[in-house]
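These notes concern the structure reproduced below.
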Amino acid sequence: MKTLLVIDVQNDFMPSGSLPVPKGDSIVPVINKIQDKFDLVLATQDWHPIDHVSFATNHKGKSNFDVIELYGKAQTLWPNHCVQGTEGAAFHPDLHTNNFEAIFRKGTDKTIDSYSAFYDNGHLKSTGLTGYLKEKGISQVYFCGLAADICVYFSIIDAFNEGFDCIFIEDASKALDNEHLKQLKIEMIAKGIKVLTSELL
Ligand code: VGL
Ligand code: ZN
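Under the UniProt record's numbering, think of the first position of the sequence shown as 1, with each following residue one higher.
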């Protein structure tokens, strides 16, 4: 089953949102157009409680984009974003969501961040997505969404490490930092992850 995972195409990651991804809105028509090339479309939502540990506002004396240490790992402190049940956490209003067979929410535990659709950043808890895909006999997953260099990237790496063939759809994704994405693409291609554009689907 040809499977697409749409990552975090939510209002707060749009240019007018609280954690804007440059040109984040430009991928919405691309994702809408490619959905009918797939037999199964899944999505994720970043879905944080207001007291989430990744929000700078929850750390006295800290500012947005400061980096702290959490469980021995670097944790960037973000502006409040994708707070559960808010407009910012909703999908972009133009995104076609009717075909989404299932939506996996992540970042719901206030004590730890979760960039990947599969595991939290400490690899402590699974979202159940690996089991969902494996039970359906899926061995290959296409990825798109926001932010390409954060949640899309970490989802791809986890999927790859779980044994899935991974394909990154470049023009259906946008990065917070394009220079960073360039490096990550080199790394992904070196591992055997495929990078392609949507006209090749
Ligand atoms: C994301 C930073 C914080 C993402 C989520 O969806 O890429 N980035 N939370
Ligand atoms: Zn987040």
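Ideal placement from N, C-alpha and C gives every residue a C-beta, glycine not left out.
Chain-order list of residues whose beta-carbon lies under 6 Å from that of residue i (same chain, five-residue window excluded)
i, result
"V21", "F13, L146, A147, K174 and L176"
"N64", "A56 and P79"
"K23", "K174"
Presumed contact (8 Å Cβ cut-off) between residue i and residue j, rounded CB distance
i, j, result
"N80", "F55", "5 Å"
Close-in-space but distant-in-sequence residues of the same chain around residue i (CB under 8 Å, 5 per side omitted)
i, result
"H92", "V9, Q10, N11, M14, D25 and V28"
"Y119", "K125, S126, T127 and D158"
"E87", "N11"
Sequence-distant residues of its chain with Cβ nearer than 7 Å to residue i (five each side left out)
i, result
"D165", "S139 and Q140"
"K106", "T44, D46, W47, S114, A117 and T127"
"residue 234", "Nothing about residue 234 can be reported from this structure: the residues present for the chain run from 1 to 201 only."
"M1", "D39, L40, K136 and I138"
"D66", "A56 and L77"
Quiz item: Mind listing, in chain order, the residues whose beta carbon lies closer than 7 Å to a non-hydrogen atom of the ligand ZN?
Solution: D46, H48, S54, W78, H81, C82, G107 and D113
Self-check item: Completely contained beta strand (DSSP E) runs for the stretch 46-133, where each covers 3 or more residues
Solution: Within the stretch 46-133, the complete beta strand (DSSP E) runs of at least 3 residues fall at 67-70, 73-76 and 100-106.
Quiz item: Does the pairing of the stretch 30-44 with the stretch 177-187 give three or more beta-carbon distances under 8 Å?
Solution: Touching, no.
Quiz item: Taking one C-beta from the stretch 73-88 and one from the stretch 124-137 each time, how about it: are there three or more such pairs within less than 8 Å?
Solution: no
Quiz item: What runs of the alpha helix (DSSP H), each 4 residues or longer, lie entirely inside the stretch 167-194?
Solution: 178-191
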